[in-house]
Amino acid sequence: SSGKQLASSKASTWTKPRDPQIIYATIDTAKKSDQKEFWLKHRRPELYGIYNLYKAPDDPATNNSQTQIAALLVQYYPVNGDVNANAKKVDGLIKANPNGFNLAVLPFNSFVGKVVLNKENIAQYAESLDGKSVSLAADIAKKYKTYLLFSMPESKDGKYYETAILLDFNGKQVGIYRKSHLNAEEQKWATAGNDLPVFSTNDLGRVAVMLNDEVRIPELTEVYALNRVNLILIPAMYDGKAYGGEVNIPKGLVPAASNRGMYMWFDIAKYSQAYTLVANYLPKESAQFAGSALYSLVPEEAVYPPNIAPNKEIAHQVLFETNLKNNLWINQQKLVVARRWDQATPLTLDTQGACFKEWQKDSTNPEMCPKAAGKR
């Protein structure tokens, strides 16, 4: 669960195939794993009901249109706590890009920066959806005629949220996503969102959002694949140390250009078959692998290698077209068709609930949890 290689065979090539062999490794299930503990503590099975649906062979939600995306991943040193200064910096970096674009993605808490939010200071930084930050972001979207995704601490009806807002090229709100998987510190002051929305747009296709460390919850990747998203946008504030790590595939298995980046972001694109765009604050040189980046669908075939921003303040441009290469060994349709939806039920149950306990006693019962139906 940490990405560390336990064992591997030597790589074959098309010109020098090797004999089949069996490899062995010992998996210590009792070994402490920060990632496993985070995942099991913060997963929310009540949001994963789509696991139980048969989504093949045809799904009306699918968007197979080929859409050209020219996106800017805006990477910078934030001025912590200064909304106006950060908005000005974002505007300047976007303005410096000489090429056309139709999407800009900003880092986590885009205009607040790396301020550590808590019960004592959240009222100072949280805003409503008609406040200054949304107005500044909308002005940028209108100025450059682009879709723009940014995030901020939100105040609504006496509660606080971590919220992402997608704006269209007129500065209008296309949709909002309130972070649904809060980490331990956020749980002290924030309210979790209870929805995993997908924004359907004419210009970008189907868009989903993960906020910062939600990339540690693998179910989100699968849920968004089942919801047939074309893009996953990730506003991040990742230092290269707290979790995750570098992609480290045994040499020779994939092109060298594909063997780079942050492995959680890399895997989100691969296992959702959705282009994954990460906007991160400028990382330290030792964590350059954590730079803002585009992760594509089939890196094994070099379609396409991670496109990682250089280690500087920049609106890094990435270009691609959705649904362009659907004839490779894997695509989103094949991913969805191949899954065993009929085996997914326990993943959607509260492990402390009566239904899960009944399933443990008799997992073969075709009527799932008939005795506990009234106790869920």
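Numbering (our numbering), first residue to last: 746 to 1121.
Ideal Cβ positions, reconstructed from N, Cα and C, are used throughout, including at glycine.
For residue j and residue i, believed in contact at Cβ under 8 Å, the rounded distance
i, j, result
"R973", "Q1077", "7 Å"
"S1041", "V1023", "About 12 Å separates the two Cβ atoms, so there is no contact after all."
"N1058", "Q820", "The identity of residue 1058 in the sequence shown is Glu, whereas the question assumes Asn. 6 Å between Cβ atoms; contact."
"L817", "A1060", "4 Å"
"G837", "G858", "Contact flag wrong, Cβ pair sits at about 16 Å."
"F1034", "G985", "7 Å"
"H1044", "S1003", "Rather than His, the amino acid found at residue 1044 in this sequence is Pro. The pair is a contact, with the Cβ atoms about 4 Å apart (cut-off 8 Å)."
"L893", "I885", "6 Å"
"N844", "A815", "7 Å"
"R788", "E930", "Actually they are not in contact, since the Cβ atoms of R788 and E930 sit about 18 Å apart, beyond 8 Å."
"V952", "I1013", "14 Å between Cβ atoms; not a contact."
"N898", "N854", "Just to set this straight, residue 898 is Pro in the shown sequence, not Asn. With 8 Å as the limit, P898 and N854 qualify as a contact, their Cβ atoms being about 6 Å apart."
"F914", "T891", "6 Å"
"L971", "K800", "6 Å"
Reduced DSSP category for residue i - H, G, I as helix; E, B as strand; rest coil
i, result
"G837", "helix"
"R789", "coil"
"L881", "helix"
"T1090", "helix"
"R1121", "The pLDDT assigned to R1121 is 43, lower than 50, so where the model puts this residue is not dependable; a value taken from the coordinates is nonetheless given after this. Coil."
"Q1105", "helix"
"Q1062", "strand"
"E899", "strand"
"N1072", "coil"
"N866", "coil"
"L894", "strand"
"L798", "coil"
"L998", "coil"
"E1112", "coil"
"A752", "coil"
"L874", "coil"
"A770", "coil"
"A1099", "helix"
"A775", "coil"
"A1083", "helix"
"A981", "strand"
"P762", "coil"
Outcome for residue i when other beta-carbon atoms lying within 10 angstroms are tallied against a minimum of 16
i, result
"S896", "buried"
"Y1049", "buried"
"L798", "exposed"
"K924", "buried"
"I977", "buried"
"I921", "buried"
"K1120", "Residue confidence is low: K1120 scores 49 on pLDDT, short of 50, so the model does not pin down where it sits. No coordinate-derived value is stated."
"I767", "exposed"
"L1069", "exposed"
"P1000", "exposed"
"P762", "exposed"
"A1085", "Per the sequence presented here, residue 1085 reads as Arg, with Ala not at that position. The residue in question, R1085, is exposed, as its Cβ has fewer than 16 Cβ neighbours within 10 Å."
"G997", "exposed"
"W1010", "buried"
"Y769", "exposed"
"T771", "exposed"
"V1082", "exposed"
"T1021", "buried"
"A1125", "The structure shown does not extend to residue 1125, since the chain is modelled only from 746 through 1121, so no value can be given for it."
"K1015", "buried"
"Y1026", "buried"
"P995", "exposed"
"L956", "buried"
"Y822", "exposed"
"S753", "exposed"
"V968", "buried"
"K834", "buried"
Residue i CB to nearest heavy atom of the ligand GDP below 7 Å
i, result
"N947", "Ligands in the displayed structure: none, and consequently the ligand GDP is not present."
Going along the chain, which unbroken runs of the beta strand (DSSP E) with 3 or more residues stay wholly within the region 1027-1055?
1038-1040
In chain order, which beta strand (DSSP E) runs of at least 3 residues are fully inside the region 902-969?
Within the region 902-969, the complete beta strand (DSSP E) runs of at least 3 residues are 904-912, 918-923, 944-946, 950-954.
Which ranges would you report for the beta strand (DSSP E) in the region 805-855 if only whole runs of at least 3 residues count?
Listed in chain order, they are 813-820, 848-850.
Are at least three pairs of beta-carbons, each pair with one atom in the region 865-873 and one in the region 784-795, less than 8 Å apart?
no
For the region 948-967 against the region 840-854, do three or more pairs of beta-carbon atoms, one drawn from each stretch, fall closer than 8 Å, so that the two count as touching?
Segment contact: the region 948-967 against the region 840-854, three or more CB-CB distances shorter than 8 Å; contact assigned.
If you pair each beta-carbon of the region 928-939 with each one of the region 899-915, do three or more pairs fall below 8 Å?
yes
What residue ranges within the region 1000-1024 form continuous alpha helix (DSSP H) runs of no fewer than 4 residues, ordered along the chain?
1008-1017
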